[in-house]
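Undergrad:
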Amino acid sequence: MGAVVDVSGPNLVLLRTHPLLISNDRTNPLVAGEETEHLSALLRSAGAEVTVAWQAAGHELTESDITTAREWLTKPSRLAR
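Residue numbering for the sequence shown follows the working numbering, beginning at 33 and increasing consecutively.
(1) Under three-state DSSP, which class holds Ala-89?
(2) Please classify Leu-62: does DSSP put it in a helix, a strand, or coil?
(3) Indicate whether at least one CB of chain C lies closer than 8 Å to the CB of Lys-107.
(4) Give a yes or no on contact between the region 82 to 98 and the region 47 to 58, applying the rule of three or more CB pairs nearer than 8 Å.
(5) For the putative contact between Val-84 and Thr-68, defined by C-beta atoms under 8 Å, what is the C-beta separation to the nearest angstrom?
(6) Going by DSSP, which residues form a beta bridge with Leu-52?
(7) Apply the 10 Å Cβ neighbour rule to Ser-77 and answer buried if 16 or more other Cβ atoms are within range, or exposed otherwise.
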């Protein structure tokens, strides 16, 4: 679930109404932690609600990613939307 910034730029206005979860490892060999930080800052500056979760997983999708996503999706404030 590593996040990469598209050099053409996402349509950030559309993301303002959607909460976002980004999950990555700071040592991911394919998607650097700095890219995740850059993307989350870009999205937040456009008004998006962003949660960043750091995992110890390299570039692999792990049970920790699944657990984090499940907890994030079932958070009571998220279900009320």
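Idealized CB from N, CA, C, for every residue including glycine.
TA: Based on what the coordinates show:
(1) In the sequence shown, residue 89 corresponds to position 57, counting from 1. Here Ala-89 sits in coil by DSSP.
(2) Working through the sequence shown from its first residue, we reach residue 62 at position 30. In the structure shown, Leu-62 sits in coil (DSSP, three-state: anything other than H, G, I, E or B).
(3) Within the model displayed, chain C is absent; a lone protein chain is all it includes.
(4) yes
(5) In the sequence shown, the residue the question calls residue 84 occupies position 52. In the sequence shown, the residue the question calls residue 68 occupies position 36. Confirmed, about 6 Å.
(6) Residue 52 sits at position 20 when you count from the first residue of the sequence shown. Val-82.
(7) One-based indexing of the sequence shown puts residue 77 at position 45. By the neighbour-count rule (16 or more Cβ atoms within 10 Å), Ser-77 is not buried but exposed.
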